[in-house]
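Numbered according to our numbering, the sequence shown terminates at residue 1051, and the numbering increases by one at each position without gaps. Using N, Cα and C, we set each Cβ at its ideal position, and we do this for glycine too. Here the structure is a predicted model, which is why all the values come from computation and not from measurement. Structure, as structure tokens:
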Amino acid sequence: MTKWKPDFDGAATEYSKAAVAFKNAKQFDQAKEAYLKEAEYHTENKALFHAAKAFEQAGMMLKEMKRMPEAIQLIEKASIMYVENGTSGTAGIALDRAGKLMEPMDLEKAIDLYQKAASVFENEDRLRQAAELLGKASRLLVRLRRLDDAAVSLQKEKNMYKEIENYPTCFKKTIAQVLVHLHRGDFVAADKCVRESYSLPGFSGSEDCVSMETLLQGYDEQDEDQVYRVCNSPLLKYMDNDYAKLAISLKVPGGGGGKKKPPAAPQGGAGGPAPAAAEDDDYEEGGLC
């Protein structure tokens, strides 16, 4: 009769009700504190999923108060608890949501959150979700001109889509890779991406393949007209905005406007055979004596 056991579950329930009431009244600071107390008691009760949910809700209250760094810290804490509880999918969704919140104010942090979310899904063998999140990170890396990192991210993305046999998306990732590598000034890497893609079913002879072959040929021959035509074609102009910008801003190294000039005609008139001229020189030097 003298022993007293705290009712953590009951306390958590009451704090949850209080948090909702504060939230509905738009008293976000009090709602945040109530959610944190709810999380504390769920943790004491070893109810990790419910504790994580409360931490995530506390983070959303901080978001409403424009205190984004603190909000993201709580959401990341919640994601760790979701993973510990065995609900990794919920962790990935929380990190994805946090990434979207950070995009307007801190692209670097948004990339970090998307990459963490992708890792969570990859560890669960949910490659489609992992690849989609890596795609978000890749685009932001391009936007920040972190092209070396973008190249690595795109290759990982492409490998995942290949593993789940989503070949049409692999074709689009090949185009993105080529654009990134050419902006890095690495023609060899761009050419390698196209050659490796020949092993993908349906790539060889496709519109994507022909466009990239034409682009690489024009780039290698410094044919600015050809590069311009490919980069301003609907296939590239209607890609995701960050890659479309790479396409329309691609410049041919050393290009001065127009096609590469053809070699000068041999001396002695158009079509005149060079060997004959060389023979004439020999006669002039040695004479006929």
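Between residue 963 and the set 811, 867 and 931, the nearest pair of CA atoms involves 931. With respect to the C-alpha of residue 801, the residue from 897, 851, 771 and 969 having the closest C-alpha is 771. In the DSSP assignment, residue 885 falls within the alpha helix (DSSP H) that extends over 869-885. Linking residue 920 to residue 839 through their CA atoms gives a straight-line distance of about 30 Å. Each residue's CA atom was taken as its position, placing residue 855 and residue 777 some 25 Å apart. For residue 976, the uninterrupted alpha helix (DSSP H) segment begins and ends at 969-982. The residues 794, 797, 798 and 836, in chain order, have a CB closer than 6 Å to that of residue 820 in the same chain once the five nearest residues on each side in sequence are set aside. Inclusion of residue 1002 and residue 905 in the CB contact set at 7 Å is not warranted, their separation being larger than that value.
Within the model, the alpha-carbon separation for residue 1009 versus residue 805 is close to 51 Å. In the displayed model, residue 897 falls within a helix according to three-state DSSP. DSSP places residue 921 within a helical segment (H, G or I) once states are collapsed to three. DSSP, read as helix, strand or coil, puts residue 934 in helix. Rounded to the nearest whole angstrom, the CA to CA distance from residue 1007 to residue 783 is 47 Å. Within the same chain, and ignoring the five residues on either side of residue 995 in sequence, the residues whose Cβ sits closer than 8 Å to its Cβ are 973. Three or more beta-carbon pairs separated by less than 8 Å are not found between the region 971-989 and the region 862-873, which leaves the two stretches without contact.
The beta strand (DSSP E) runs of length 3 or more contained entirely in the region 933-964 do not exist; there are none.
The three-state reading of DSSP puts residue 830 in helix, counting H, G and I together. In the structure shown, residue 767 adopts coil according to DSSP, grouped into three states.
Counting only runs of 4 or more residues that sit fully inside the region 767-806, the alpha helix (DSSP H) segments are 770-786 and 790-806, in chain order.
Spanning the alpha carbons of residue 850 and residue 987 requires a straight line of approximately 50 Å. One thing to note: residue 895 has its Cβ no nearer than 7 Å to the Cβ of residue 922. Taking every protein chain shown into account, the CB of residue 898 has 16 or more other CB atoms within 10 angstroms, so this residue is buried. CA-CA distance, residue 791 to residue 858, rounds to 24 Å.
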